[in-house]
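Numbering-wise, the working numbering comes out as the position in the sequence shown, counting from 1, plus 28.
We treat Cβ as the ideally placed atom computed from N, Cα and C, and that holds for glycine.
Heads up, the thing below is written out as structure tokens.
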Amino acid sequence: MAFDIIIHGDEHILEVVYPTVASEADVSHYAARVRQTIDSMGESWTALVDQRQLRALPRELMSTLAGLNAYAQLKGMQRSARVVPDAAAGLQAWRMTKQALLSVPARTFESREEAIAWLRDPAP
């Protein structure tokens, strides 16, 4: 199963929906596709990463995904919202954010609606 990449052009949101399981080949293919998409996003955009379906991500692929987050920040990402199924996935997302050395605001959410609302209006 592939990663879905969705662009909400009117709101400058790049959304990625993770598959249930991601192999090394899946992540490699996704990395190439999402870099091209990031390059087309312009100077200011936000990211929505939906990981609710993800059941397993090999630990060795975390550095690849952290690198993509760092690349996204360099290419104009202003905020990053992740939707996770549980606290363990939230902790994994936090670790990846730290590994990527992100300085942009990044938060995890339990629902897609909450994440999108924060991306649209990040004020507390």
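Cβ separation of residue i and residue j, assumed to be a contact under 8 Å, to the nearest whole Å
i, j, result
"H40", "S72", "6 Å"
"V55", "Q101", "The pair is not a contact, with the Cβ atoms about 19 Å apart (cut-off 8 Å)."
"A109", "A143", "4 Å"
For residue i, the three-state DSSP class (helix, strand or coil)
i, result
"V49", "strand"
"M105", "strand"
"E43", "strand"
"R123", "helix"
"L89", "helix"
"R135", "strand"
"D32", "strand"
"D78", "strand"
Check whether residue i and residue j have beta carbons under 8 Å apart
i, j, result
"R107", "P47", "no"
"V62", "L96", "yes"
"T92", "V112", "no"
"V49", "R83", "yes"
"T65", "L42", "yes"
Given residue i as reference, the closest of the options once Cα atoms are compared
i, options, result
"K76", "D114, A115 and I33", "According to the sequence displayed, residue 76 carries Leu and not Lys. Of D114, A115 and I33, the residue nearest in Cα terms is I33."
"L130", "A53, M105 and L82", "M105"
"H36", "T74, R87, S51 and A53", "T74"
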